[in-house]
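Participant:
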Amino acid sequence: MKKMFLLYIFWYFAVSIGVLTASFTFGHGLGDLFYLIALTLITFVIVIIFFRCSIKVNMLFLLITLTIILFTLKLTIFRGPEFP
């Protein structure tokens with residue numbers, strides 16, 4: 001689980017830097033900041049759960065996997081109208 005968590009943190013920083021430097025886009029112009037803020041909040045929740053709570057490993061794995069899949073799809077296939 002530790003490797004999955006480190007992979008998620010690496011993915012988070014890659015996406016954040018890519019969005020801030022305009023290498024990646026969610027396709028909503030300035031509205032991309034909403035997705036970046038939402039991703040940051042989700043990351044804080046995952047970090048708190050990872051270090052503090054005794055949640056089942058399967059639930060944390062599912063949360064990390066769904067976050068990566070949904071945000072990656074939003075960055076690629078489900079991109080907004082400004083950058084189709």
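Numbering (the UniProt record's numbering), first residue to last: 1 to 84. Ideal placement from N, C-alpha and C gives every residue a C-beta, glycine not left out.
Quick check: what's the CA-CA separation for Ala14 versus Leu7?
Facilitator: The alpha-carbon atoms of Ala14 and Leu7 are separated by roughly 11 Å.
Participant: Report the rounded CA-to-CA distance for Ile37 versus Ser16, giving the unit in angstroms.
Facilitator: Spanning the two alpha carbons is a distance of roughly 10 Å.
Participant: Leaving out five residues on either side along the sequence, give the residues of the same chain with a beta carbon under 8 Å from the beta carbon of Arg79.
Facilitator: Correct list, in chain order: Thr25, Phe26, Gly27.
Participant: Is the shortest distance between the beta-carbon of Gly18 and the beta-carbons of chain C less than 8 Å?
Facilitator: Chain labels in this structure do not include chain C; a single protein chain is all it has.
Participant: Between the alpha carbons of Leu30 and Ser23, how many angstroms are there, rounded?
Facilitator: Answer to the nearest angstrom: the Cα atoms are 14 Å apart.
Participant: Go ahead and label Phe71 buried or exposed: buried means 16 or more other beta carbons lie within 10 angstroms of its beta carbon, across all protein chains shown.
Facilitator: The residue in question, Phe71, is buried, as its Cβ has 16 or more Cβ neighbours within 10 Å.
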